[in-house]
Amino acid sequence: MRFNVPPAVSQLKSRWNRLSFLEQAEAINDLVNRGISRRALARELGCSEALLRHIQKASSLPASVKESILTRRISFRAAITSSKEPPKLSSKLPTLQCKVELVSSTRPPSIKVSQPTNDAKGWAKLIVEFAIKKYSTDRGDCHQLIKEAGDVAHAIPNPKRLNIRPLPPEASVEYVIEHSRPERQLDAFTDVSRWLAGWLLMLVPDKQVRYEALEFAIRDVSH
2 MRFNVPPAVS QLKSRWNRLS FLEQAEAIND LVNRGISRRA LARELGCSEA
52 LLRHIQKASS LPASVKESIL TRRISFRAAI TSSKEPPKLS SKLPTLQCKV
102 ELVSSTRPPS IKVSQPTNDA KGWAKLIVEF AIKKYSTDRG DCHQLIKEAG
152 DVAHAIPNPK RLNIRPLPPE ASVEYVIEHS RPERQLDAFT DVSRWLAGWL
202 LMLVPDKQVR YEALEFAIRD VSH
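Here the sequence shown is numbered in our numbering, starting from 2 and rising by one per residue.
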């Protein structure tokens, strides 16, 4: 059954791609305050509810910050995340069955993974730590980010399509995580969710293990 789309939503849809992030944020906020759900908006606009939630945050920024965005003294992404100083990412990583080969100091330590790890809970812990460090200390924000990363990994299973620079074929886990950020950085939510999806696709190729790791991570940040 197709529900009637309010004229205001149809109008926003027709000009959505021509709006700046600030204009999108104000439009989303206005419609939500008028009783239209983000889920309905996401369905009409063809994007995720989590992305709309992220963009909407800009509507509550101070006027001075909005002015700085408009005059390009600060990026939209920086404005959203600048007030948050996340903790340092733990150096503990899931146990991998691998062979280690030391190479020149100009390249990262070389690790050949002999078979995909099945340590879903270990990957889940790393996912949560990554989300907190790279995106937000707010667990609700991390929940949305991790869920979006799972959706991205499902929709775009080839990490090359996420605009990630080529990496050394035998790079370490730490190196892959730190250097698999997409080249095209749009905003914090999109950038980091695709970053997370990218390194998960490369480091955890087993779909079932990856799915379980994401589910464990979402459960962890929900408590």
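A virtual CB, placed ideally from N, CA and C, is assigned to each residue, including glycine.
Practice problem: Using three-state DSSP, classify I165 as helix, strand or coil. | Solution: Judged by DSSP in its simplified three-state form, I165 adopts strand.
Quiz item: Contact between the segment 196-209 and the segment 118-138: three or more CB pairs below 8 Å?
Solution: Contact between the segment 196-209 and the segment 118-138 is present: 3 or more CB-CB pairs across the two stretches fall below 8 Å.
Quiz item: Which residue from Y176, P8, V222 and K67 puts its Cα closest to that of S137?
Solution: Looking at Y176, P8, V222 and K67, the one whose alpha-carbon comes closest to that of S137 is V222.
Quiz item: Can the beta-carbon of L163 be found closer than 7 Å to that of G199?
Solution: Cβ atoms of L163 and G199: closer than 7 Å.
Quiz item: Based on the DSSP secondary-structure assignment, which residues constitute the bridge partners of P183?
Solution: Under DSSP, P183 shares a beta bridge with I165.
Practice problem: Look up G47 in the DSSP assignment and say whether it is helix, strand or coil. | Solution: For G47, the secondary structure class from DSSP, reduced to helix, strand or coil, is coil.
Quiz prompt | Alpha-carbon to alpha-carbon, K208 and F22 | solution = Inter-residue distance for F22 and K208 is about 34 Å (C-alpha atoms, whole angstroms).
Quiz item: Can you list, in chain order, the residues of its chain whose CB lies under 7 Å from that of S49, leaving out five sequence neighbours each side?
Solution: Taken in chain order, the residues that qualify are A43, E149 and D152.
Quiz item: Roughly how many whole angstroms lie between the Cα atoms of L20 and I56?
Solution: Rounded to whole angstroms, the gap between the alpha carbons of L20 and I56 is 12 Å.
Quiz item: Measuring CB to CB, does I29 end up less than 7 Å from L53?
Solution: L53 sits close to I29, with the two beta carbons spaced by under 7 Å.
Quiz item: Which of the three DSSP states, helix, strand or coil, is assigned to H155?
Solution: Note: H155 maps to helix in three-state DSSP.
Quiz item: Start and end of the alpha helix (DSSP H) containing W196?
Solution: That run of the alpha helix (DSSP H) goes A189 to L204.
Quiz prompt | DSSP-derived helix/strand/coil call for H8 | solution = It is Pro, not His, that sits at residue 8 in the sequence shown. The answer is helix: DSSP assigns P8 an H, G or I state.
Quiz item: Is it true that the CB of C143 sits closer than 7 Å to the CB of A154?
Solution: No, the pair does not count as a contact, with Cβ atoms beyond the cut-off.
Practice problem: Below 8 Å CB to CB, which residues in the same chain sit around H180 once its five sequence neighbours on both sides are set aside? | Solution: The beta carbon of H180 sits closer than 8 Å to those of R166, L168 and A172, all from its chain and outside the five residues before and after it, given in chain order.
Quiz item: My guess is that A59 and A26 are in contact by the Cβ rule of under 8 Å, so how many angstroms apart are they, rounded?
Solution: At roughly 4 Å, the Cβ-Cβ gap stays under 8 Å, so A59 and A26 are in contact.
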